[in-house]
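Position in the sequence shown (first residue = 1) + 1 = the working numbering. Reading through the structure tokens given below for one structure.
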Amino acid sequence: MTKPFIFHDPDSLQEAVAKLMVQVLSELFQGGTQEPLLALSGGSTPLGLFSRLVKDHADLSFWSKVQVLWVDERHVPYDHSESNYGNAKPFLDKLGIPRNHIHPMGGDMDTESAAKDYDSLVREFAAKRPPTSPLVDLTLLGMGPDGHVASLFPGSDHLQDKVFCKAAIKPETDQPRISLTLPALNNTGCCIFMATGASKAEMVKTVLKQGPDPSYPASMIQPFPPPIWFLDKDAAAFL
Ligand code: 6PG
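Below you can see the structure in the form of structure tokens.
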């Protein structure tokens with residue numbers, strides 16, 4: 002596990018992650034990648050990052066070439082306050098990412114069908130990737146205090162997944178979810194974890210110090226290169 006980057010506050014963390022994302026994307030384009038594939042996390046932490054990308058980096062022309070997937074979604078209408086897509090879309094529009102490059106999960110179908118639909122989409126992207134490229138170029142992840150990542154929650158078996166995307170349930174609320182699986186999340190060229198706030202400090206210590214443990218799905222995110230962790234001082238308090 003690489004040494005985490007620790008910041009005084011979420012704003013400086015988001016500024017740094019935004020700069021890293023731009024650097025990674027620039028290097029991909031310079032290396033000949035035509036349409037870098039991002040996989041974005043949901044939840045609240047990324048929204049500050051998206052705002053920072055718009056504030057500092059919206060002038061970059063390459064956003065029009067970027068393709069965007071989600072790592073997970075709450076299966077709610079896109080205009081619902083909990084929709085990861087609905088919350089991110091205004092920022093992605095301001096960056097100039099074309100609507101047909103933005104691929105939301107869910108929609109008007111049952112959750113199992115929506116997961117199968119997204120799995121097919123991910124496989125379409127996979128089929129177009131150069132053989133030496135990872136499935137996704139840059140994956141942005143968060144972590145819950147319980148050690149969940151995307152919508153891979155503790156208490157369910159995620160190690161047997163063969164598909165890239167599956168239906169899931171958030172245990173505390175029984176909320177239907179759609180989530181990329183470990184085979185997809187671990188197949189990325191750059192994996193960025195962001196975690197802020199004291200509520201995550203104990204789990205951050207567990208995941209970063211103990212290593213892989215299926216009890217904590219976030220610890221099973223083991224791509225190569227390994228994840229880069231961005232923490233604020235509260236989330237890093239026990240390191
Ligand atoms: C989701 C996310 C989820 C999130 C963590 C952290 O849809 O909720 O993908 O995995 O990353 O729950 O959420 P916060 O950033 O809101 O703390």
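Cβ coordinates follow ideal geometry from the N, Cα and C atoms, glycine included. No experiment lies behind these values; they were computed from the predicted model shown.
Could you give the C-beta distance for residue i and residue j, rounded to a whole number, given that I count them as a contact under 8 angstroms?
i	j	result
Leu136	Ala128	Going by Cβ atoms, the distance from Leu136 to Ala128 rounds to 11 angstroms, so no, they are not a contact pair.
Pro227	Thr3	5 angstroms
Lys90	Val55	Actually they do not touch by this definition, with Cβ atoms about 12 angstroms apart.
Trp71	Pro105	7 angstroms
Thr182	Val164	6 angstroms
Asn88	Leu142	About 16 angstroms separates the two Cβ atoms, so there is no contact after all.
Ser152	Arg124	Not a contact, Cβ separation roughly 19 angstroms.
Flag residue i as yes when its Cβ comes closer than 6 angstroms to any non-hydrogen atom of the ligand 6PG, and as no otherwise.
i	result
Ser42	yes
Asn85	yes
Ala59	no
Ser52	no
Ala127	no
Ser220	no
Ser45	yes
Ala151	yes
Asp73	yes
Gly143	yes
Should residue i be labelled buried (16 or more other beta-carbon atoms within 10 Å of its own) or exposed?
i	result
Leu160	exposed
Ala219	buried
Ser62	exposed
Asp80	exposed
Pro37	buried
Gly43	buried
Asn85	buried
Pro78	exposed
Asn101	exposed
Lys167	buried
Ala1	Residue 1 cannot be examined here, being either before or after the span of the chain that is shown, 2 to 240.
Gly251	An answer regarding residue 251 cannot be provided, because it is not within the stretch 2 to 240 covered by the chain.
Gln68	buried
Pro215	exposed
Asp73	buried
His76	buried
Name, in chain order, the residues that DSSP records as bridge partners for residue i.
i	result
Trp64	Trp64 pairs with nothing; no bridge assigned.
Ala40	Leu70 and Thr140
Lys117	Note: Lys117 sits in no beta bridge, so no partner.
Cys166	Leu181
Met195	Phe231
Thr189	Val137
Gly171	For the record, residue 171 in the displayed sequence is Lys; it is not Gly. Note: Lys171 sits in a beta bridge opposite Gln176.
Arg75	Arg178
Phe8	Asp233
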